[in-house]
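Trainee: Take this structure, written in structure tokens, and hold onto it; I'll ask about it next.
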């Protein structure tokens, strides 16, 4: 057998063709950084649509009978589109398509993704899925109002808004999105595995990359379940198959279906849907870790534990899906299994929280805007995680399932928390992307408004759930067990929601203003250790590193190493280049530093 | 600095909110105190963790704020500490999980001596079935559902003959007896939830699901559908009435079996005609309705709807509101019908009357009316033709003045507000979609265009 020899990507010379024209540079671009920005702008744009939708939904709940443009159909359409856009087209796209794209090559020391052309296709396919999704607002009957979970049979039957066309557009859009995600995802995984710089062992990777890496693997395994269920539902709707359709009536008429199982859809949906929570959460976990370490000038505490926690959470996330289905009518014995696995997942998750706290412990904390958002994240995530323990514990879920408690819980844990991290990350990496700082004063307004505002929305909302107010109700009407004061609470939630919504305009303004007028930032304004801050040009040029790739000598968290002059040592600084404080104790400390890298060979 | 203080304040504020909040579980009315206990255990454990973690966070942020003369400590790992934290967390989690699983075991294992009832869900109503004397529910099939047989019972299955059918949104159960509730859906997913009983479960078409509980308080409890089931999901309400043993027997004796319901005759045209003489004075000889007497058109009305309304008038469920003088009059007149058979006959006759084209003079905005009617059309039909299966009467052909009057009555709670009016609450909720007189005029005008050239 002949053995062919390959040159490792890190050893290849830079032979990439640098684009010349405006179009190949900024439109049909294959540069991961440009694609990342395209992904981010699209995701934020469509996210703003979803934000407006949530505002309209809240208007109805807070002030029923006041707005004639909101009827039960449009209300459900707002709910559905808000949910789907936020989860898939904003969070997933921004975290992986945006941050994943921008950070992976830079943080691992690569010139680009390993398949740049596929990367470009991924973005344009994603854009197509967004266009198809938004097009459903303009078709007869409007977008689907089946709830973001799209449960059949009602999703495809008359009696649900958008059953004419909206649902078909939604399913097609999801299918296209999944194609886009798969192209992007294969790229991320391959790039992380194949294109790391010399010395960048897996156990030296920043936690951001670990989070994105594991989340992408989850996505590649979970999205196919959604894809097949979307295709099967499309067949049920358009061709008359009965995958999810038993013999039923539709508004009193017998329709021609039999033998299908609505619960089958729920299993497929949540087999995707639960990992999806972690597709959003793991990159956020990773990024917040790096933000905390950098701005607290402290190494991440328990790095190896953090990595294993990410991997464990990722693995466990595939065996907990049916905790969304405790009251779905599935075999009730599943409850024992899924309650147990769900509560087990709390252990690695709690460890992550402890380790963030212990990273801050004895740190030297700069209360920059990214740090404020990171602290906000720890608070909101703790809150949301703990209410998750309640819902995961199967019998506690019985009274709380399908109430506003669930809505409050998942917004805390996968709405507010990841968004806190996204903001932290945007304020943190914006200087690298644009060369400018975001404005600090505006950032403070944005942080305080968002942090306090969202808590004013969601803390009281849990109590509507304790009371038993069901979710997805257009109006409650008069109900014996719900006191009138609940309406006042709802009104206050709506007011808070509108304030939070408006404050996001400050953020958008800040983004645009700072691109042009922001304070100039150097290559490494936060004095961070990770590779993306070590480029010689900011924003980094095509190919990122100029003629030679960086070589990695240490883990990502050499902050405040004793005996070293600076309070950070970039990953690409060789041991003999480290400038020591000229004191005698220095020697033993260096020794300590090396022993701390013993995990690196894994 | 501010952030540390704010976090402390948020923790304190959350605790205060928790303790002063008037919004809490509605008082328990079933045996499921164990669920409340599990919730309390979980709340304590999670509450303590919430307070400790966030106070620690605030302390750390306060204590280790940036100081240019200080350097952060360098400590990548502390295996012992991490081990301890993991172990303590695992113990806390197990402490919450274990009692939860025991309670779940008792929830899914139904006591042997339980009574059985079947709850049937459909868009957007409830109905109920009891097994009858043989203790066995008869076979059903979706394909067998018809106006005569709304439960879809199989006539060939003898165990179904004595099944007691309750075609209404209200169910009665006796106190202190465990009841196994079998859940069946005719169309889409629904969820049977009574907050006071704490338990809930989805109704899944194509299969039968279940839950059980033992009611411990006499009273009337609202059933809510808690699985999104379409546009009118939020109006899918019903009631469970928990009775003393005697009251329950009284109620039970008034219910019809499947066999009895199948035996109800179509109606006697001759007798119906005779009885209608008493109605003709106000409603007109042809049931055409007379505006000056405030009498709506009856001609061609579906007999199931006429029967339901007459029964309501007789039982003073309709026509009792002080502001509803015509309703009060109708309530008195309805007493002239001696029994169910008389109601059946007159309803049959009314259905046979041929409606002439109603004169519609409403001049609302038809395109706005059409838009508003979208919400009505799911139940009342695209042509407002009515739909027995949705419990929705025909609207087309009815006089515009009567429709707008009744819509106003629903809005104001003059109609539909009686606790025993099992369909009124739905219309009360829906009528609120018409925000003003203009909206009512628009939708009524649109309905007026729907019966052109449409005879029954």
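Residue numbers (our numbering), protein chains in the order written: chain Y, 212 to 813; chain Z, 144 to 599. Glycine included, every Cβ here is placed at the ideal spot set by N, Cα and C.
(1) Quick one, which of Y:488, Y:504, Y:459 has its alpha-carbon nearest residue 526 of chain Y's?
(2) Closer than 7 Å by beta-carbon distance: list the chain Y residues that pair up with residue 243 of chain Z, in chain order.
(3) Determine, using beta carbons only, whether residue 359 of chain Y comes closer than 8 Å to chain Z.
(4) In angstroms, rounded to a whole number, what distance separates the CA positions of residue 364 of chain Z and residue 380 of chain Z?
(5) For residue 387 of chain Y and residue 373 of chain Y, what's the separation of their Cα atoms in angstroms?
(6) Counting only beta-carbon atoms, is residue 594 of chain Y nearer than 8 Å to chain Z?
(7) Return the first residue and the last residue of the beta strand (DSSP E) that residue 354 of chain Z is part of.
(8) Return the residues of the stretch 513-524 of chain Y that lie within a Cβ-Cβ distance of less than 9 Å from chain Z, sorted by chain order.
(9) Please decide whether residue 793 of chain Y counts as near chain Z, where near means a Cβ-Cβ distance under 8 Å.
(10) By the 10 Å Cβ neighbour count, where 16 or more other Cβ atoms means buried, how is residue 226 of chain Z classified, buried or exposed?
(11) In angstroms with no decimal places, state the Cα-to-Cα distance between residue 207 of chain Z and residue 512 of chain Y.
(12) Could you tell me whether the stretch 752-770 of chain Y touches the stretch 399-417 of chain Y, where touching means 3 or more Cβ pairs closer than 8 Å?
(13) Specify, as a first and last residue, the run of the alpha helix (DSSP H) that residue 422 of chain Z falls within.
(14) Cβ of residue 799 of chain Y less than 8 Å from any chain Z Cβ?
(15) Within 10 angstroms of its Cβ, does residue 747 of chain Y collect 16 or more other Cβ (buried), or is it exposed?
(16) Would you call the CB atoms of residue 651 of chain Y and residue 726 of chain Y closer than 8 Å?
(17) What does the Cβ neighbour count give for residue 389 of chain Z, buried or exposed, with the cut at 16 atoms within 10 Å?
(18) Mark residue 162 of chain Z as exposed unless 16 or more other C-beta atoms lie within 10 angstroms of its C-beta, in which case mark it buried.
(19) Closest Cβ-Cβ distance between residue 523 of chain Z and chain B: below 8 Å?
(20) Please report the residue range of the beta strand (DSSP E) in which residue 519 of chain Z lies.
(21) Give the DSSP-derived three-state secondary structure of residue 560 of chain Y in the structure shown.
(22) By the criterion of Cβ-Cβ separation under 7 Å, what are the contact partners of residue 690 of chain Y in chain Z?
(23) Hey, quick one: how far does the beta strand (DSSP E) through residue 334 of chain Z stretch, first residue to last?
(24) Just checking: is the beta-carbon of residue 599 of chain Z within a distance shorter than 8 Å of some beta-carbon in chain Y?
(25) Determine which residues share a DSSP beta bridge with residue 346 of chain Z and list them.
(26) Hey, how far is the Cα of residue 144 of chain Z from the Cα of residue 334 of chain Y?
(27) With a threshold of 16 other CB atoms inside 10 Å of the CB of residue 822 of chain Y, please say whether the residue is buried or exposed.
(28) Less than 8 Å between the C-beta atoms of residue 528 of chain Y and residue 517 of chain Z, yes or no?
(29) Please classify residue 217 of chain Z: does DSSP put it in a helix, a strand, or coil?
(30) Measure how close the beta-carbons of residue 578 of chain Z and residue 276 of chain Y come, nearest whole angstrom, since I'm counting them as under 8 Å.
(31) Would the stretch 181-188 of chain Z and the stretch 535-553 of chain Y be scored as touching if the rule is three or more Cβ pairs under 8 Å?
(32) Quick check on the DSSP output: the alpha helix (DSSP H) that includes residue 495 of chain Z runs from which residue to which?
(33) Name, in chain order, the residues that DSSP records as bridge partners for residue 316 of chain Z.
(34) By Cβ distance, which residues of its chain are closer than 6 Å to residue 478 of chain Y, with the 5 residues on each side in sequence left out?
(35) Mind checking whether residue 282 of chain Z and residue 264 of chain Z have CB atoms under 8 Å apart?
(36) Output the boundary residues of the beta strand (DSSP E) element that contains residue 264 of chain Z.
Mentor: According to the structure data:
(1) Ranking Y:488, Y:504, Y:459 by Cα distance to residue 526 of chain Y puts Y:488 first.
(2) Under the 7 Å cutoff, chain Y gives 550, 604, 605, 606, 607.
(3) no
(4) Taking the Cα positions, residue 364 of chain Z is about 10 Å away from residue 380 of chain Z.
(5) Each residue's Cα considered, the two are about 19 Å apart.
(6) yes
(7) Residue 354 of chain Z: member of the beta strand (DSSP E) spanning 352-356, first to last residue.
(8) 513, 514, 515, 516
(9) no
(10) exposed
(11) 15 Å
(12) Short answer: they touch.
(13) 412-426
(14) Unreliable placement is indicated for residue 799 of chain Y, whose pLDDT of 47 sits below 50; no coordinate value is reported for it.
(15) exposed
(16) In this structure, residue 726 of chain Y does not lie closer than 8 Å to residue 651 of chain Y by Cβ.
(17) exposed
(18) With fewer than 16 other Cβ atoms inside 10 Å of its own Cβ, residue 162 of chain Z counts as exposed.
(19) Although the question refers to chain B, the structure presented lacks it and instead comprises the protein chains Y and Z.
(20) Here residue 519 of chain Z belongs to no beta strand (DSSP E); instead the alpha helix (DSSP H) covers 509-523.
(21) helix
(22) What residue 690 of chain Y touches in chain Z: 365.
(23) 333-336
(24) Residue placement at residue 599 of chain Z cannot be trusted, given a pLDDT of 36 that sits under 50; the coordinates are not used to answer.
(25) Z:333
(26) 42 Å
(27) Residue 822 of chain Y falls outside the range modelled here, since chain Y spans only 212 to 813, and no answer is possible.
(28) no
(29) coil
(30) The C-beta distance from residue 578 of chain Z to residue 276 of chain Y rounds to 6 Å, short enough to fall under 8 Å.
(31) No, because fewer than three Cβ pairs between the stretch 181-188 of chain Z and the stretch 535-553 of chain Y fall closer than 8 Å, the two stretches do not touch.
(32) 483-495
(33) Z:385
(34) none
(35) no
(36) 258-265
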